[in-house]
Structures are given as structure tokens and as C-alpha cells.
Amino acid sequence: MSHPEDSKPTAAEEQTNEAVVEPLDLSPEEQIAGLTAQIETLQQELAEAKDQMLRAAADAQNARRRAEADIEKAHKFALEKFAKELLPVADSLEKASDAMVSAEESQREGVAMTLKMFIGALEKFNIHQVHPQGETFNPQFHEAMSMVPNPELPAHAVMDVLQKGYTLNERLLRPAMVVVATGGPAKKDD
0 MSHPEDSKPT AAEEQTNEAV VEPLDLSPEE QIAGLTAQIE TLQQELAEAK DQMLRAAADA
60 QNARRRAEAD IEKAHKFALE KFAKELLPVA DSLEKASDAM VSAEESQREG VAMTLKMFIG
120 ALEKFNIHQV HPQGETFNPQ FHEAMSMVPN PELPAHAVMD VLQKGYTLNE RLLRPAMVVV
180 ATGGPAKKDD
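Counted the way numbering that gives the first Met the number 0 counts, the sequence shown spans residues 0 to 189.
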């Protein structure tokens, strides 16, 4: 049979006992000063614990926001590879439509309608054409294939579009291949 005085106190009990130990030979003022110091220490530890808790909560919230943003981008641009594979089909339909000059009107209309339906289907998924004819050259959306002197157009104006570009959710899929004018005064954008 074990005796109560034989059992050892737990670490928590020892810490509590150390914090509350009050020598009996201290005056009441000294006891109050000691307790006040303990209270200040505990308040400081509490403030540090609260600060750590707030930082951990902020880190968790930031991680959640980053994950949500990553998921949103994944949903928004999931079609990118698929859309790039469809762009040559749109190019071929446009070339077919342009080449149908000598064909019967019903054939021209059929190709034109097919192209219009295809472009409409792309636009339903936020895939839009970049057709900068007459606009100022923008290296973010256009690729200059050549520069041609043309005094009738302002400098850096797109004279001709060799191949239309496309964007997906306002992010460039393929730049428009253009011919840029070098003559005339520079055109100012508003």
C-alpha cells in the first residue's frame, strides 16, 4: 500500500507550487510586490500567447486565400491547352471563307456561318479574337512580322493582320501577327 507522502507531484503541480511559494518571513509589502511581479509576468506571457495565436490565425487565413486564388486560376485557365489546339481550326475556316470568292453564294455563306458559330462557341468560354487592324502596335498582344514604310498611316500603326491573335480570360493565348507602318506621325492612344 502506498502512502500519499510517497507519491511525487506532477510537473504541472511543481510549476504551480513554485509560482505560489511564499516564504512566511516576508512582510506583506514584499509579498504584494512578489505577487504583482508574478501578475505582470503572467500578463506578458498571456499577451505573447495571444499574439502568437493571432499570427497563426492570420497565416491560416492567408494560406486559405492563396489556395482559393490558385483554384480560381486553375478553373479560369483550364481550357488554355485545349483552346490553343482549336485556334488553327479558326484560322483554316477564316482562310476558307476568304478563298471562297469564286464559289457559289451558298457555299460562301455556309463557310461564313460555320466560322461565325465557331468564334461564338469560343467566346462562350471567354476566348476572344485579337484583330488589331488600324490600332497602335502593342507588343503585349501583337507580334510584328515586318515594318513597312507607309506615309498615309501614323508610325507604329498596324497596317495588316497576317494572323489574328486570341486571349483567354484576358490572358494572351497567341499574339496577333501583324505588319506595322513606319511612316507618318505617331498615333496617340486616348
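Where a beta carbon is used, it is the ideal one built from N, C-alpha and C, also for glycine. These figures come from a predicted structure and were not determined experimentally.
Short Cβ contact (9 Å threshold) for residue i with residue j
i	j	result
ASP90	GLN162	yes
VAL147	ALA175	no
ALA82	PHE124	yes
GLU79	LEU172	yes
THR190	HIS141	With the chain represented from 0 up to 189, any question about residue 190 goes unanswered, as that position is not in the structure.
ASP159	GLN132	yes
THR135	PRO150	no
PHE76	ASN168	yes
Beta-bridge pairing of residue i - partner residues as DSSP gives them
i	result
LEU167	ILE126, ARG170
HIS141	ALA175
VAL160	VAL177
THR135	ALA156
MET146	VAL179
Contacts around residue i, its chain only, beta-carbon distance under 7 Å, and the 5 residues preceding and following it disregarded
i	result
MET144	LEU161, MET176, VAL177, VAL178
LEU114	LEU92, GLU93, SER96
ARG170	PHE76
Cβ-heavy atom distance, residue i to the ligand SAH, below 8 Å
i	result
HIS74	The ligand SAH is not part of this structure, which contains no ligands at all.
Neighbourhood of residue i by C-beta distance below 8 Å, restricted to the same chain and skipping five residues each side
i	result
GLN106	MET99
Decide yes or no for the touch test of the region 65-81 against the region 102-122: beta carbon pairs closer than 8 Å, at least 3 of them.
-> Segments in contact, no.
Would you mind listing the alpha helix (DSSP H) stretches within the region 55-123 that are 4+ residues and don't spill past its ends, in chain order?
-> For the region 55-123, the continuous alpha helix (DSSP H) assignments of 4+ residues that do not extend past its boundaries occur at 79-98, 104-123, in sequence order.
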